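Q:
Encoded structure:
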């Protein structure tokens with residue numbers, strides 16, 4: 017999106033003002049559908065492919081993954097308590113826990129947190145114990161232990177990076193949101209980097225199109241009744 021100047025009050029906004037501005041009115045969003053290009057490196061799957069994403073907030077996430085020549089290679093579904101992968105090429109249905117989904121998308125599997133991360137709408141938790149600092153462009157909110165940091169761009173009032181570190185300072189979780197655009201009046205990132213170095217998982221998502229709050233969504237895996245079923249690790 018076009019360069020947006022920083023608000024005149026920068027860098028003197030309060031913690032409450034920053035968090036309220038980041039949250040805005042995005043809590044009213046209930047669903048989305050998007051076409052993405054994904055570059056994934058993980059123990060479960062690695063490669064570059066295109067996918068359709070559909071999600072109801074605090075509910076299910078559905079993915080249709082297409083391989084070379086647009087072949088429908090797999091469909092995935094993350095529900096409140098399970099993760100399903102219908103491998104249409106190998107003709108099998110793999111079933112596992114919600115946590116196993118992080119081998120594909122290294123973000124919190126909780127439905128609402130997943131929704132926020134896939135749209136770049138994460139909001140720092142507000143507490144007086146957090147430390148607020150700034151550089152020339154961003155606010156940085158650090159937790160008391162120095163393990164988690166939310167970096168906020170006040171020109172668009174979005175978290176542009178979240179990082180979590182272990183006691184030794186090594187990154188265990190990182191999410192970076194860039195190339196923001198405005199969709200139906202909501203500022204969202206076109207590119208999202210997700211990585212969990214300890215799990216050897218890294219994913220880059222680039223949105224090619226995005227629809228917020230579509231009229232209706234289908235979450236069917238289209239699984240034959242006689243398909244072979246396997247368990248995800």
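In our numbering, the protein residues as written are 17 to 249.
By construction, the Cβ of each residue, glycine as well, lies at the ideal position given by its N, Cα and C atoms.
Keep in mind it's a predicted model, so treat the numbers as computed, not measured.
Report the rounded CA-to-CA distance for residue 152 versus residue 170, giving the unit in angstroms.
A: Indexing the chain shown from 1 puts residue 152 at position 136. Indexing the chain shown from 1 puts residue 170 at position 154. If you draw a straight line from the Cα of residue 152 to the Cα of residue 170, it is about 11 Å long.
Q: Alpha carbons only, please: which of 110, 74, 102, 109 is nearest the one belonging to residue 95?
A: Position 79 of the chain shown holds residue 95. Comparing Cα positions, the closest option is 74.
Q: How big is the Cα-Cα spacing for residue 166 and residue 106?
A: Here the question's residue 166 lines up with position 150 in the chain shown. Here the question's residue 106 lines up with position 90 in the chain shown. Taken atom to atom, the span from the alpha-carbon of residue 166 to that of residue 106 is near 41 Å.
Q: What would DSSP say about residue 73, mapped onto helix, strand or coil?
A: Here residue 73 refers to the residue found at position 57 of the chain shown. The answer is coil: DSSP assigns residue 73 none of H, G, I, E or B.
Q: Please classify residue 57 as buried or exposed, where buried requires at least 16 other C-beta atoms within 10 Å of its C-beta.
A: As a first step, residue 57 must be located in the chain shown, where it is residue number 41. Residue 57 should be labelled exposed.
Q: I think residue 157 touches residue 168, with their Cβ atoms under 8 Å apart; what is that distance to the nearest whole Å?
A: As a working mapping, residue 157 is identified with position 141 in the chain shown. As a working mapping, residue 168 is identified with position 152 in the chain shown. Right, the Cβ-Cβ distance comes to about 7 Å (below 8 Å), so this counts as a contact.
Q: Residue 210 and residue 122 - do their beta-carbons sit closer together than 8 Å?
A: For the purposes of this step, residue 122 is taken as the residue at position 106 of the chain shown. For the purposes of this step, residue 210 is taken as the residue at position 194 of the chain shown. Result yes, Cβ atoms of residue 122 and residue 210 sit closer than 8 Å.
Q: To which residues of the same chain is residue 108 closer than 6 Å at the C-beta, ignoring the five residues directly before and after it?
A: Taking the first residue of the chain shown as position 1, residue 108 is located at position 92. 244, 246, listed in sequence order.
Q: Counting beta carbon pairs with one atom in the region 64 to 72 and one in the region 46 to 56, are three or more of them shorter than 8 Å?
A: yes
Q: Is the beta carbon of residue 188 closer than 8 Å to that of residue 182?
A: Indexing the chain shown from 1 puts residue 182 at position 166. Indexing the chain shown from 1 puts residue 188 at position 172. In contact: residue 182 and residue 188 (Cβ atoms closer than 8 Å).
Q: Hey, does residue 210 have any beta-carbon neighbour from chain C nearer than 8 Å?
A: No chain C appears in this structure, which consists of one protein chain only.
Q: Measure from the alpha carbon of residue 41 to the alpha carbon of each residue in 173, 224, 233, then state which is nearest.
A: Against the chain shown, residue 41 aligns to sequence position 25. Checked all of 173, 224, 233; the closest Cα to residue 41 is 173.
Q: Would you mind stating whether residue 238 and residue 53 have Cβ atoms separated by less than 8 Å?
A: Along the chain shown, read from residue 1 onward, the residue named residue 238 stands at position 222. Along the chain shown, read from residue 1 onward, the residue named residue 53 stands at position 37. Not closer than 8 Å, so no.
Q: Which first and last residues belong to the alpha helix (DSSP H) in which residue 250 is found?
A: Outside the shown range of the chain, which is 17 to 249, sits residue 250, and nothing can be said about it.
Q: From residue 55 to residue 134, what does the alpha carbon distance come to, in whole angstroms?
A: Here residue 55 is taken as the residue at index 39 of the chain shown, counted from 1. Here residue 134 is taken as the residue at index 118 of the chain shown, counted from 1. Going from the Cα of residue 55 to the Cα of residue 134 covers about 15 Å.
Q: Given that a residue counts as buried once 16 or more other Cβ atoms are within 10 Å of its Cβ, and exposed if not, what is residue 198?
A: The sequence position of residue 198 within the chain shown is 182, counting from 1. Exposed, by the Cβ-count rule.
Q: Would a C-beta distance cut-off of 8 Å place residue 136 and residue 179 closer than the cut-off?
A: The count along the chain shown starts at 1 and reaches residue 136 at position 120. The count along the chain shown starts at 1 and reaches residue 179 at position 163. Their beta carbons are not under 8 Å apart, which means residue 136 does not touch residue 179 by this criterion.
Q: Just confirm the distance between the C-beta atoms of residue 233 and residue 99, as a whole number of angstroms; I'd bet it's less than 8 Å.
A: Here residue 233 refers to the residue found at position 217 of the chain shown. Here residue 99 refers to the residue found at position 83 of the chain shown. The Cβ separation is near 18 Å, so there is no contact.
Q: Can you round the beta-carbon distance between residue 61 and residue 120 to whole angstroms, since I take them to be within the 8 Å contact cut?
A: Taking the chain shown and counting its residues from 1, one reaches residue 61 at position 45. Taking the chain shown and counting its residues from 1, one reaches residue 120 at position 104. By a beta-carbon distance limit of 8 Å, residue 61 contacts residue 120. Their separation comes to about 6 Å.
Q: Please confirm whether residue 45 and residue 229 have their CB atoms less than 8 Å apart.
A: Sequence index remark: in the chain shown, residue 45 carries index 29 (1-based). Sequence index remark: in the chain shown, residue 229 carries index 213 (1-based). Yes, the pair counts as a contact, with Cβ atoms nearer than the cut-off.
Q: Would you call residue 224 buried or exposed, if buried means 16 or more other Cβ atoms sit within 10 Å of its Cβ?
A: Locating residue 224 in the chain shown gives position 208, where the first residue counts as 1. Classification of residue 224: exposed, given that the 10 Å Cβ count is below 16.
Q: What does the alpha-carbon distance come out to for the pair residue 23 and residue 32?
A: Looking up residue 23 in the chain shown gives position 7. Looking up residue 32 in the chain shown gives position 16. Their backbone Cα atoms lie some 16 Å apart in a straight line.
Q: Suppose only complete runs of 4+ residues qualify. What are the alpha helix (DSSP H) ranges in the region 128 to 172, listed by chain order?
A: none
Q: I think residue 192 touches residue 118, with their Cβ atoms under 8 Å apart; what is that distance to the nearest whole Å?
A: For the purposes of this step, residue 192 is taken as the residue at position 176 of the chain shown. For the purposes of this step, residue 118 is taken as the residue at position 102 of the chain shown. The pair is not a contact, with the Cβ atoms about 17 Å apart (cut-off 8 Å).
Q: Does the beta-carbon of residue 104 have 16 or more other beta-carbons within 10 angstroms, so that it is buried, or is it exposed?
A: Position 88 of the chain shown, counted from the first residue, corresponds to residue 104. Counting Cβ neighbours within 10 Å, residue 104 comes out buried, since at least 16 surround it.
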